Every structure is written in structure tokens, then in C-alpha cells.
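Student: Protein chains in written order, with our numbering: chain U, 2 to 160; chain X, 2 to 160; chain C, 2 to 160.
This is the structure I have questions about; it appears just below.
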Amino acid sequence: MGKIENRLKELGITLPRPPVPPPTRRNAVLVGEVLYLAGTTGAIIDPFGKEIGPIRGKLGRELSIEDGQRSARYATIKHLAMIKEAVGDLDKVVQIIRVIGYVNAAPGFQQAPQVLNGTSELLLSVFGEAGRHARAALYQHEMTNDAPIEIEMMVHVKA
Amino acid sequence: MGKIENRLKELGITLPRPPVPPPTRRNAVLVGEVLYLAGTTGAIIDPFGKEIGPIRGKLGRELSIEDGQRSARYATIKHLAMIKEAVGDLDKVVQIIRVIGYVNAAPGFQQAPQVLNGTSELLLSVFGEAGRHARAALYQHEMTNDAPIEIEMMVHVKA
Amino acid sequence: MGKIENRLKELGITLPRPPVPPPTRRNAVLVGEVLYLAGTTGAIIDPFGKEIGPIRGKLGRELSIEDGQRSARYATIKHLAMIKEAVGDLDKVVQIIRVIGYVNAAPGFQQAPQVLNGTSELLLSVFGEAGRHARAALYQHEMTNDAPIEIEMMVHVKA
Numbered sequence: 002m003g004k005i006e007n008r009l010k011e012l013g014i015t016l017p018r019p020p021v022p023p024p025t026r027r028n029a030v031l032v033g034e035v036l037y038l039a040g041t042t043g044a045i046i047d048p049f050g051k052e053i054g055p056i057r058g059k060l061g062r063e064l065s066i067e068d069g070q071r072s073a074r075y076a077t078i079k080h081l082a083m084i085k086e087a088v089g090d091l092d093k094v095v096q097i098i099r100v101i102g103y104v105n106a107a108p109g110f111q112q113a114p115q116v117l118n119g120t121s122e123l124l125l126s127v128f129g130e131a132g133r134h135a136r137a138a139l140y141q142h143e144m145t146n147d148a149p150i151e152i153e154m155m156v157h158v159k160a
Numbered sequence: 002m003g004k005i006e007n008r009l010k011e012l013g014i015t016l017p018r019p020p021v022p023p024p025t026r027r028n029a030v031l032v033g034e035v036l037y038l039a040g041t042t043g044a045i046i047d048p049f050g051k052e053i054g055p056i057r058g059k060l061g062r063e064l065s066i067e068d069g070q071r072s073a074r075y076a077t078i079k080h081l082a083m084i085k086e087a088v089g090d091l092d093k094v095v096q097i098i099r100v101i102g103y104v105n106a107a108p109g110f111q112q113a114p115q116v117l118n119g120t121s122e123l124l125l126s127v128f129g130e131a132g133r134h135a136r137a138a139l140y141q142h143e144m145t146n147d148a149p150i151e152i153e154m155m156v157h158v159k160a
Numbered sequence: 002m003g004k005i006e007n008r009l010k011e012l013g014i015t016l017p018r019p020p021v022p023p024p025t026r027r028n029a030v031l032v033g034e035v036l037y038l039a040g041t042t043g044a045i046i047d048p049f050g051k052e053i054g055p056i057r058g059k060l061g062r063e064l065s066i067e068d069g070q071r072s073a074r075y076a077t078i079k080h081l082a083m084i085k086e087a088v089g090d091l092d093k094v095v096q097i098i099r100v101i102g103y104v105n106a107a108p109g110f111q112q113a114p115q116v117l118n119g120t121s122e123l124l125l126s127v128f129g130e131a132g133r134h135a136r137a138a139l140y141q142h143e144m145t146n147d148a149p150i151e152i153e154m155m156v157h158v159k160a
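Now the structure itself:
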């Protein structure tokens, strides 16, 4: 087992199956050493990687910041599964480059950075220095399936 | 005539003139083998590439999903014209990497993925496997000129 | 003093200290010759680079287009400081690739392109041809700290 998968095990995280994209799309595209990942929303998956039901709604209305962080964490775990699917081994991750996180926000909600710390802290915890990324924390008034967050990453990987 | 332009002809698509950017900007910037395209909204152009008038408004209010798909398709055709302008020949496209699509959504509208299938299906139809991309389907509460959609792409091209 | 820093001096611009990111994040990540910068909002900094207080609110409600342009200009100056921090010398900038600008918009406000000209015109003025970029002008209904704008760049730099 690789170093990063070991680390995931220590953290009690089991990777889910990556989502199955429709025929028009891919979960990830690799160009040189940059892996571009599709946007992924934060449904709830259990520690064994099974989706146990969606968490839905807007931050600042139905959902607390903790709910949002949990959703961000799940979307990140899905992204890890997509990275593994694309390059075969999470030990190939050189650096998480860029994370864009979109928060489903009720009017007046302005704490996307706190919500997306669910993603940022998990990445640091899993990859250490290689998990420290450039981030943008953004807002949407609606989201597909009323998901609380959507994230999208670019990752530097070994060729 | 190149293979892709032939395919466009089969599909009844004539490329419009690419938009003329103001002096501060470019339609596309190439770095190595990655072409970064400017965001483009989906005005209506006829099959001969002429703009025949804007389609305007929000999905979930004035516009149906079919209207949105039509708009997504037009924005994609504009992007093809911008790619050709930048690299000279659409046969140089190795892979559509990433498509970000923003939908102008009335409150409660959550079907951006269906709307953006107007883009994704056209890309598959034009480029085959090379058209399968990583996508994020996003939402905005407003859009320049009340356009129904805006898209933005990154494309892997031959050096 | 480098050519670009000289140009900044001519323009009366002093770079502020770059923001200090939390331990989970970075201001910028370099992969090959592409520098990816974190999203940055447009607080007000004085000509000596000191933040003299935030400009807050929504375009189309509290703020005029001129306010928004000023905010865009400040966010851009912050980005320049982040680029310098990352690569040591602004003369290493080969090309501003891509600028994504998000405008904090009241319902009905659709002039993000004009607001973001605050960024685009500054980049042209500082870098000349190398400052001409691909851009997307986007909208948000909320923004962290009620900032009027947020921008995010990718920059081609010398290795």
C-alpha cells in the first residue's frame, strides 16, 4: 500500500468508487504533469466509501458551517478517488495546485472560506506540504441537486 | 479542408467570425500545448455563422432547458472559431481538457448540467474521444447582456 | 530595479506586502512555467501599499462602476505582489494568461465587464502586450467580507 493510502487509512478514510461520468465527459484529463478534475458536489459518503444519502441545502439557511465543512470534506474524498483513478497511485501527487470551491449560499451568507476549510484541512492532513494549495472561495445562489458545495481541482502529478 | 472542418460541414455548422476582443484582451492564450480561451456567452448565430439576434434571459424563468442548450451550443461554436483563430487548424486539437459552464439561473433552477449538455454533446459529436472533457456546471444570478449561459474552455493542442 | 518595477513607479504604484495565507494554503503555485494564483478580493490599499480600509458592498446597489473598478485595480496590485513573491522579479512575467473576475452584484447588475476593466487596463498599462489576457467576467450574489470583486489569475513566467 502506498504512503498516501496508508495515511488515508490512519485518518479512517476509505476511498469511494469514483463517479461514473456520462459518455460526453471525463472525471479527469491529464496534460503533461497537470491533472484537471471535473467539478464534484459534496454528497455524503460513509467511511467505507458508500453514499449514505445526500446532504442538501444552502449555507446560512438549512445548513450550518459544520454541515458545509462535512460536505466539502466528502467532495474532497471523491476528488481523491478521481485522482487515483486517473493516475493509478496517490503517491504520484506532487502538489495540489489549485482548489476552487463554490458554496451554495443563502442571501447574506459570506463565510465560504470557513466552509471550504473542510477541503483545505483534509488536503493538508493527507498530503502535508504537497497539499497546500492556491484557493478561491466562491458563492452560488443555486447548485445542482441543492448540494451545499462543489469543488474543482488541478493537481501536479508525476509524469 | 481538415478532418474536423469536414465534420463541422457534415453537421451543418459554419464557423462564425471570432469575436474581436478589446485592446486589453485576447480571445485565447497559448502556453506550451495548452490553449486558454476567454469566457464567451451564447448569443444566437445562424448556421452560416451570422449572429441573428440574442437569446436572453434566465433559465427557469423566460427560458426552457432547450433554449439554454441552444445557447450553450452557440457559445461552443464561437469557441471553435476562437480555437481555429488561435492555432490555425482545428485538426490540431488533441483534447478538450476542461469546460466551465455558467448558467443564468432564476431562483430554484438547478439543472445546469442538462443545459450544458448542449456544449458537451456538440464537443463529442465534433471531436469524438478528443471531445470528452472534465466539466463543471455552475450557476449565476446575473449575466452580462442577460445571456443565458457563458462557457470557458482549456484545450490541449499540438505544439 | 527591474523594468516592470520601474513602470509601476512611473504609474505611482507601490506593491503592498502580499497577503499571508493560512497554513493550509499558498498564495501561488508554480508548475513548469505556469503560475497559479489564489483568488484575491479588492480591499483598498493606499499608494504605499498599506490597506487603508475596505471598500464593501454590491455593484448596482451601494457601489458605482468606478468603485468597482477601483476595487478591481487594488485586487490586481495585490496579485502583482503575489507574483513577485512567487517568482522574485516581475520581469519574469512572459504573459498574463487568464483572468477570472467575480463581481459582487445586486440583482439586475450586468456590467461586470466594465468593472473588470479596472484590472484589464492596469495589466495592459503595466505589462504592455504581455498584459493582454483571456478573461471571464462573472457574477456572484455574495462575496466574502462583502468585497466588491474577487480576481484570480494564471501567469506564464520564465522558468
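No residue lacks a Cβ here, since even glycine has one placed at the ideal position from N, Cα and C.
Note that the coordinates shown come from a computational prediction; the quantities given were computed from them, not determined experimentally.
1. Would you mind reading off the limits of the beta strand (DSSP E) that contains residue 96 of chain C?
2. Find the residues of chain U that neighbour residue 9 of chain X, judging by a C-beta separation of less than 7 Å, and give them in chain order.
3. Run through the DSSP bridge pairs and tell me what residue 157 of chain X is partnered with.
4. Who pairs with residue 141 of chain X in a beta bridge, going by DSSP?
5. Of all the residues that make up the segment 102-119 of chain X, which are near chain C by a beta-carbon distance shorter than 7 Å?
6. Taking residue 6 of chain C as part of the alpha helix (DSSP H), name the residues at either end of that continuous run.
7. What distance in whole Å lies between the Cβ atoms of residue 134 of chain X and residue 71 of chain U, which are believed to be in contact at a cut-off of 8 Å?
8. Based on Cα-Cα distance, which residue from C/104, C/95, C/150 lies nearest to residue 125 of chain C?
9. Return the chain-ordered list of same chain residues with a C-beta closer than 6 Å to the C-beta of residue 119 of chain U, the five sequence neighbours on each side being excluded.
10. Can you tell me whether residue 71 of chain X is helix, strand or coil according to DSSP?
11. Could you tell me the boundaries of the alpha helix (DSSP H) in which residue 130 of chain X lies?
12. Does residue 5 of chain C come within less than 7 Å of chain X when only Cβ atoms are used?
13. Which chain U residues sit within Cβ distance under 7 Å of residue 82 of chain C?
14. Whole angstroms are fine: how far does the CA of residue 111 of chain X sit from the CA of residue 89 of chain U?
15. Please confirm whether residue 32 of chain C and residue 60 of chain C have their CB atoms less than 7 Å apart.
16. Identify which residue in C/58, C/139, C/62 has its Cα closest to the Cα of residue 146 of chain X.
17. Just mark residue 39 of chain U as buried or exposed, buried being the case when its beta carbon has 16 or more other beta carbons within 10 Å.
18. Taking residue 136 of chain U as the reference, give the member of U/128, U/155, U/129, U/107 with the closest Cα.
19. List the residues that DSSP assigns as beta-bridge partners of residue 152 of chain C.
20. Against chain U, which members of the segment 11-24 of chain C pass a CB distance test of less than 9 Å?
21. Taking only beta-carbon positions, decide if residue 137 of chain U is within less than 7 Å of chain C.
22. Is there at least one non-hydrogen atom of the ligand ADP closer than 6 Å to the beta-carbon of residue 109 of chain C?
23. Output, in chain order, the set of chain U residues within a Cβ distance shorter than 7 Å of residue 121 of chain X.
24. Inspect the beta-carbon positions of residue 102 of chain X and residue 56 of chain X and report whether they are closer than 7 Å.
25. Name the residues in the segment 88-99 of chain U whose C-beta lies less than 9 Å from a C-beta of chain C; which are they?
26. Quick check on residue 91 of chain C: does DSSP put it in helix, strand or coil?
27. Is there a Cβ from chain X that is less than 7 Å from the Cβ of residue 125 of chain C?
28. Helix, strand or coil for residue 81 of chain X? Go by DSSP, reduced to three states.
29. Could you check how far apart the C-beta atoms of residue 80 of chain U and residue 42 of chain U are, in whole angstroms? I think they sit under 8 Å.
30. Is the separation between the beta-carbon of residue 97 of chain U and that of residue 129 of chain U shorter than 7 Å?
31. Taking buried to mean at least 16 other C-beta atoms within 10 Å of its own C-beta, is residue 4 of chain U buried or exposed?
32. For residue 30 of chain U, write down the residues that DSSP places opposite it in a beta bridge.
33. Could you tell me whether the Cβ atoms of residue 19 of chain U and residue 28 of chain U are closer together than 7 Å?
34. Determine the burial state of residue 85 of chain C: buried for a count of at least 16 other Cβ atoms within 10 Å of its Cβ, exposed for fewer.
35. Enumerate in chain order the residues of its own chain whose CB-to-CB distance from residue 77 of chain C is below 6 Å, with the five nearest sequence positions on each side excluded.
36. Short of 6 Å in beta carbon distance, which residues of its chain neighbour residue 108 of chain X, apart from the five on each side in sequence? Order them along the chain.
Tutor: Reading it off the structure:
1. The count along the third sequence starts at 1 and reaches residue 96 of chain C at position 95. Taken as a continuous stretch (DSSP letters only), the beta strand (DSSP E) holding residue 96 of chain C covers 94-105.
2. In the second sequence, residue 9 of chain X corresponds to position 8, counting from 1. Correct list: empty, because the minimum Cβ distance to chain U is about 18 Å.
3. Within the second sequence, residue 157 of chain X is the residue found at index 156, counting from 1. X/35, X/96, per the DSSP bridge assignment.
4. Here residue 141 of chain X refers to the residue found at position 140 when the second sequence is read from its first residue. X/105.
5. 103
6. Taking the third sequence and counting its residues from 1, the one referred to as residue 6 of chain C is at position 5. Its alpha helix (DSSP H) spans residues 4-11.
7. Counted from its first residue, the first sequence places residue 71 of chain U at position 70. Counted from its first residue, the second sequence places residue 134 of chain X at position 133. Actually they do not touch by this definition, with Cβ atoms about 29 Å apart.
8. On the third sequence, residue 125 of chain C is found 124 positions in, with the first residue counted as 1. Taking only the C-alpha atoms, the option nearest residue 125 of chain C is C/95.
9. Counting from one through the first sequence, the residue named residue 119 of chain U turns up at place 118. Close CB contacts of residue 119 of chain U within its chain, under the 6 Å cut and outside five residues either way in sequence, are with 70, 73, 74 (chain order).
10. If you number the second sequence from 1, residue 71 of chain X lands on position 70. Residue state, collapsed to three classes: helix.
11. Counted from its first residue, the second sequence places residue 130 of chain X at position 129. Careful: residue 130 of chain X lies outside any alpha helix (DSSP H) and carries neither H nor E.
12. Position 4 of the third sequence, counted from the first residue, corresponds to residue 5 of chain C. Residue 5 of chain C does not count as touching chain X.
13. Working through the third sequence from its first residue, we reach residue 82 of chain C at position 81. Near residue 82 of chain C there are no residues of chain U at all, since even the closest Cβ is about 14 Å away, more than 7 Å.
14. Taking the first sequence and counting its residues from 1, one reaches residue 89 of chain U at position 88. Taking the second sequence and counting its residues from 1, one reaches residue 111 of chain X at position 110. Looking at the two C-alpha atoms, the distance is approximately 33 Å.
15. Stepping through the third sequence from its first residue, residue 32 of chain C is reached at position 31. Stepping through the third sequence from its first residue, residue 60 of chain C is reached at position 59. No; because the gap between Cβ atoms is not below 7 Å, this pair is not in contact.
16. The residue you call residue 146 of chain X lines up with position 145 of the second sequence. The residue with the shortest Cα to Cα distance from residue 146 of chain X is C/139.
17. What you label residue 39 of chain U is simply residue 38 of the first sequence in a count that begins at 1. The residue is buried, with at least 16 neighbouring Cβ atoms inside 10 Å.
18. Residue 136 of chain U sits at position 135 when you count from the first residue of the first sequence. Ranking U/128, U/155, U/129, U/107 by Cα distance to residue 136 of chain U puts U/155 first.
19. Here the question's residue 152 of chain C lines up with position 151 in the third sequence. Looking at the DSSP output, residue 152 of chain C sits in a beta bridge with C/41, C/102.
20. 22, 23, 24
21. Along the first sequence, read from residue 1 onward, the residue named residue 137 of chain U stands at position 136. With 7 Å as the cut-off, residue 137 of chain U counts as an interface residue toward chain C.
22. No copy of the ligand ADP occurs in the structure displayed, which carries no ligand at all.
23. Walking along the second sequence from the start, residue 121 of chain X turns up at place 120. Per Cβ cutoff of 7 Å: 25, 26.
24. What you label residue 102 of chain X is simply residue 101 of the second sequence in a count that begins at 1. What you label residue 56 of chain X is simply residue 55 of the second sequence in a count that begins at 1. No, these two residues do not count as a Cβ contact at 7 Å.
25. 95, 96, 97, 98, 99
26. Position 90 of the third sequence, counted from the start, is the residue given in the question as residue 91 of chain C. Helix, per DSSP.
27. Taking the first residue of the third sequence as position 1, residue 125 of chain C is located at position 124. So yes, residue 125 of chain C belongs to the interface.
28. Within the second sequence, residue 81 of chain X is the residue found at index 80, counting from 1. In this structure, residue 81 of chain X counts as helix in the three-state DSSP scheme.
29. Here residue 80 of chain U refers to the residue found at position 79 of the first sequence. Here residue 42 of chain U refers to the residue found at position 41 of the first sequence. 11 Å between Cβ atoms; not a contact.
30. Stepping through the first sequence from its first residue, residue 97 of chain U is reached at position 96. Stepping through the first sequence from its first residue, residue 129 of chain U is reached at position 128. No. Outside cutoff.
31. On the first sequence, position 3 is the one that residue 4 of chain U refers to. With fewer than 16 other Cβ atoms from the protein chains shown falling within 10 Å of its own Cβ, residue 4 of chain U counts as exposed.
32. By 1-based counting over the first sequence, the position of residue 30 of chain U is 29. According to DSSP, residue 30 of chain U bridges with U/37.
33. Sequence index remark: in the first sequence, residue 19 of chain U carries index 18 (1-based). Sequence index remark: in the first sequence, residue 28 of chain U carries index 27 (1-based). Yes.
34. Your numbering for residue 85 of chain C matches position 84 in the third sequence. Counting Cβ neighbours within 10 Å, residue 85 of chain C comes out buried, since at least 16 surround it.
35. As a working note, residue 77 of chain C is residue 76 in the third sequence. Around residue 77 of chain C: 120, 123.
36. Here residue 108 of chain X is taken as the residue at index 107 of the second sequence, counted from 1. Cβ within range, chain order: n/a, list empty.
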